[in-house]
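Heads up, the thing below is written out as structure tokens.
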Amino acid sequence: MPPPILSSPFLNLTFINSLLSPNTSTNTHPLSPDQRVQLLSAKLYLLTNPTPSSSTKHASRARMDDPTTILVVRLDLARAHLAASVPDLKLAELELSSMERTASGVVRSLRRARDERCRSGKDRHWGGDGDGDGDGNGDGDGDGDGDGDGHEEGEGQGDGRSADLGCRDGGARGVPSWLGEMERLRVEALEELVDVELGLGREGRARRWRESIVQLKAESKQGSLLR
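Be aware that the sequence shown starts at 2, since it is given in the numbering used here, and climbs by one per residue.
Put into structure tokens, the structure is as follows:
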């Protein structure tokens, strides 16, 4: 169900972003925490519920490919809940927990994709599969002393070694550019969760999130987020 604020026909993502921006000329007065909660809730709804004119399939794929935009909004919304005139720890926990589920789910999906790619050996042919004319692979006639597929022996083995290394080093070849940013946001969310859980009297959960933060920072430092 959309937030009540979206009943206004003038509120779209562009206008909401202008209201949330501290540098916009239309924002002559700072927003109160409660107003930020309303606007961020509306923004999150619009981002996670594409309009009928948009392709749901493509929108879902975009969110899966780069989740950081939505994660930033959830983190801002959680902090707005905590800064509201009546702080709402439960709603803040809801947004922060959703961030953790999203981020951990994305990492699992990337690991599965990496493992499937390594098992199938698809990466072994990134250098070209040869089509009989030896272009870039054979010696001009596609036969020469290659491997029978238009590959020269040396280059074909080079691609295989590169693919094997890509699997052994955690699939670095398939790591998306936004992974580091996603993990940074994930750590920030967990740090906020520690304080929220302590505020709710859940010391056991707070301890678990602290342990997760230590593990994530260690994996990030070692470059092994997908291992």
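Heads up, the beta-carbon is just placed ideally off N, CA and C, and yes, glycines get one too.
Using a threshold of 7 angstroms, state whether the C-beta atoms of residue i and residue j are closer than that.
i	j	result
R113	E96	no
P23	A84	no
T100	A190	Here residue 100 turns out to be Met, not Thr, going by the sequence shown. Cβ atoms of M100 and A190: closer than 7 angstroms.
L47	L14	yes
L40	L20	yes
I17	A43	yes
A104	V38	no
Go ahead and pull the three-state DSSP assignment for residue i.
i	result
N18	helix
D140	The predicted position of D140 is uncertain, since its pLDDT is 47 and thus under 50; no value can be drawn from it.
G149	Residue confidence is low: G149 scores 47 on pLDDT, short of 50, so the model does not pin down where it sits. Its coordinate-derived value is still stated next. It is coil, neither helix nor strand.
K91	helix
S33	coil
L12	coil
D67	coil
P5	helix
S86	coil
H126	Caution applies to H126, whose pLDDT of 45 falls short of 50 and renders its modelled position unreliable; the value that the coordinates give is listed next. H126 falls in the helix class under three-state DSSP.
L111	helix
H59	Because the pLDDT of H59 is 44, which lies under 50, any placement of that residue in the model is unreliable, and the question is left without a value.
S98	helix
On a CA-only basis, which of the options is nearest residue i? Give me that one, please.
i	options	result
V195	S98, Y46, H82	S98
Q36	Q223, P177, L78, S121	L78
A219	P3, V188, E204	V188
A93	S110, E198, P177, H30	E198
P3	V176, T49, S213	T49
L231	E117, S86, D116, G181	Residue 231 lies beyond the range of the chain shown here (2 to 228); nothing can be said about it.
E182	I214, V73, D116	V73
D67	R203, V108, G205	V108
L111	P51, H30, V176, L186	V176
S213	E117, P88, R102, H30	R102
Measure the beta-carbon distance from residue i to residue j and round it to whole angstroms, keeping in mind my assumption that it falls under 8 angstroms.
i	j	result
V184	S221	First, the amino acid is wrong: residue 184 is Glu here, not Val. About 6 angstroms; that satisfies the 8 angstroms criterion.
W179	T69	5 angstroms
L90	L201	5 angstroms
Exercise. Jot down the residue ranges of each uninterrupted alpha helix (DSSP H) in the region 167–220, minimum 4 residues, whole runs only, in chain order.
Key: Fully enclosed alpha helix (DSSP H) runs of 4 or longer: 180–200.
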